[in-house]
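In our numbering, the protein residues as written are 748 to 1072. Using N, Cα and C, we set each Cβ at its ideal position, and we do this for glycine too. Fair warning: this is a prediction, and the values are worked out from it, not measured in the lab. To start, the structure under review is shown below, and the notes come after it.
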């Protein structure tokens, strides 16, 4: 796929966006910094141009566009590479996708496949928070990018929270036919929570390491903002774990309910069989191929039936008193 580069110049209270911008020698004016948003991997010429104009390290370029590798943080002499994941809707549910970020003294690069909606959200937030970004530096823009990613995690988590509440309500009024449907919903929700966890964990680790990096790229004021993002991620991961525990408890509840139903069925069948043990004994006794004088009496048949019924009634009452029924 062809690379699409959007050049955004920020500074002096002005934001200038150039879609499909060319990487020229004069990327920025004095007092400005650069945001390069790159969709898809440029060709060799484009990579060489990035390396020449911005002085990017070869490893930074390799990792910036490597979407298959786990996101991580690499620190170089005058720039930092960190990876993060955003979440998008796929045919099989939520899917994580990698976004590479490079922070330099006067530039920020975001690289990803295609142009996800999250980038448009970030740009809209940059415009809405002009005072925070237009008169500061790329480290504040980095904060807005990461904070938008975390807010996106929370939006998905809030949607899942409503589904988890519905699952909990359905589990309390469970019927046998609903077992499989509910278990399928629980499994699907667990997978979505796992997707959020896998997306947020590398960003948590990257921010933790970012706090120990070169202070020349991140001002003390913006360290507070990045620490706020870090704390939000910790809270997010804690909430994800709580929801996973709730779903695990709900699964145990379903299994316990199914086991209790099975026990009730087995109890009924056992009691039903027990009722007929003496009846079968009497029927077997009189079914023997022997001469029985009482069998010739006219009242023998109704008397035997009455005895069988009385035994069943007696056992029923006895089981009730023993609380076996």
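Proximity to residue i [Cα-Cα], best of the options
i, options, result
"residue 875", "863, 1071, 762 and 1046", "762"
"residue 945", "1022, 1005 and 831", "831"
"residue 954", "1024, 834 and 822", "822"
"residue 1059", "1025, 906, 942 and 975", "1025"
"residue 1081", "943, 912 and 951", "For the chain, the structure presents residues 748 to 1072; residue 1081 sits outside this window and is missing."
"residue 985", "966, 947 and 1014", "947"
"residue 966", "852, 940, 903 and 1021", "852"
"residue 994", "801, 803, 907 and 844", "907"
"residue 968", "1032, 904, 1065 and 883", "883"
"residue 992", "801, 1021 and 940", "940"
"residue 814", "803, 798, 833 and 799", "833"
"residue 1017", "756, 988, 1051 and 1063", "1063"
Beta strand (DSSP E) segment containing residue i, residue limits
i, result
"residue 852", "Where residue 852 is concerned, there is no enclosing beta strand (DSSP E), given that its DSSP letter is neither H nor E."
"residue 836", "826 to 837"
"residue 820", "820 to 822"
"residue 784", "780 to 786"
Residue span of the alpha helix (DSSP H) that contains residue i, given as start and end
i, result
"residue 1052", "1047 to 1068"
"residue 755", "Counting along the chain, residue 755 falls outside any alpha helix (DSSP H), though it belongs to the beta strand (DSSP E) covering 751 to 758."
"residue 1012", "967 to 1033"
"residue 893", "885 to 919"
"residue 792", "791 to 801"
"residue 814", "Residue 814 -> no alpha helix (DSSP H), and no H or E assigned at all."
C-alpha distance - residue i paired with residue j, whole-angstrom precision
i, j, result
"residue 873", "residue 888", "8 Å"
"residue 910", "residue 805", "45 Å"
"residue 977", "residue 949", "11 Å"
"residue 760", "residue 881", "5 Å"
"residue 975", "residue 956", "15 Å"
"residue 972", "residue 999", "41 Å"
"residue 764", "residue 929", "49 Å"
"residue 1045", "residue 1053", "14 Å"
"residue 980", "residue 951", "6 Å"
"residue 824", "residue 840", "40 Å"
"residue 935", "residue 750", "35 Å"
"residue 1009", "residue 1001", "12 Å"
"residue 1047", "residue 1012", "36 Å"
Cut-off 7 Å between Cβ atoms - residues of its own chain near residue i, not counting five sequence neighbours on either side
i, result
"residue 1030", "none"
"residue 1076", "This structure cannot speak to residue 1076, because the chain is shown only from 748 to 1072."
"residue 783", "752, 754, 854 and 856"
"residue 850", "826, 827, 885, 886, 889 and 964"
"residue 1055", "1026 and 1029"
"residue 997", "914, 915, 918 and 933"
Cβ neighbour criterion (16 or more within 10 Å) applied to residue i
i, result
"residue 1034", "exposed"
"residue 918", "buried"
"residue 931", "exposed"
"residue 1007", "exposed"
"residue 942", "buried"
"residue 758", "buried"
"residue 990", "buried"
"residue 1003", "exposed"
"residue 845", "buried"
"residue 897", "buried"
"residue 987", "buried"
The ligand FAD heavy atom lying under 7 Å from the CB of residue i
i, result
"residue 951", "Among the components modelled here there is no ligand, and therefore nothing to report on the ligand FAD."
Chain-order list of residues whose beta-carbon lies under 6 Å from that of residue i (same chain, five-residue window excluded)
i, result
"residue 812", "788 and 858"
"residue 1085", "For the chain, the structure presents residues 748 to 1072; residue 1085 sits outside this window and is missing."
"residue 970", "none"
Beta-carbon contacts of residue i that lie in its chain and below 8 Å, excluding the five residues immediately before and after
i, result
"residue 810", "816, 819, 821, 828, 830 and 847"
"residue 868", "895 and 899"
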